[in-house]
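For the sequence shown, counting from 1, position 115 maps to 115 in my numbering; every step adds exactly one.
Where is the CB? At the ideal position from N, CA and C, for every residue including glycine.
These notes are about the structure you will find just below.
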Amino acid sequence: MATIEGAHAIGLGDKIGSLEVGKKADVILLDLKVPHMTPIIYRPVLNVAPNIVYSARGDEVTDVIVNGSVIVKDKQCLTMDEVKVIEDAQIVATEICEGAADGFLEADGWLAREVKRGLY
């Protein structure tokens, strides 16, 4: 198993790497019945892991458990106000971009030239 062997390799096999009482663990549950995660092939090889690696976007996560605490349940964050976080992030991003705008245009890179031409 990749998780337990990795934990042993860094000397933390007694704390992490497997789902056991007393160990720290994070678990996510995924909805695999969405178009971008299908089809699921069972034979000759189960393709769930490759589907996750190559096709998962994040929106298929339904539940998140961190060290025994449910953080996300039925796609709803239970530990913070997502709308407020998004609003705050927008405010900060706008402030940063406004502060950097003049320098960006003065740097005269290809994107700045396109912006000056009205293409963005």
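Around the beta carbon of residue 37, a 10 Å sphere encloses 16 or more other beta carbons of the protein chains shown; the residue is thus reported as buried.
Taking 8 Å as the cut-off, the beta carbon of residue 17 is found closer than this to the beta carbon of residue 3. Within a 10 Å sphere around the beta-carbon of residue 60 sit 16 or more other beta-carbons, which makes this residue buried. In this structure, residue 29 sits near residue 63, with a CB-CB distance shorter than 8 Å. For residue 76, the beta-bridge partners assigned by DSSP are 73. Per the DSSP secondary-structure output, residue 27 pairs in a beta bridge with 65.
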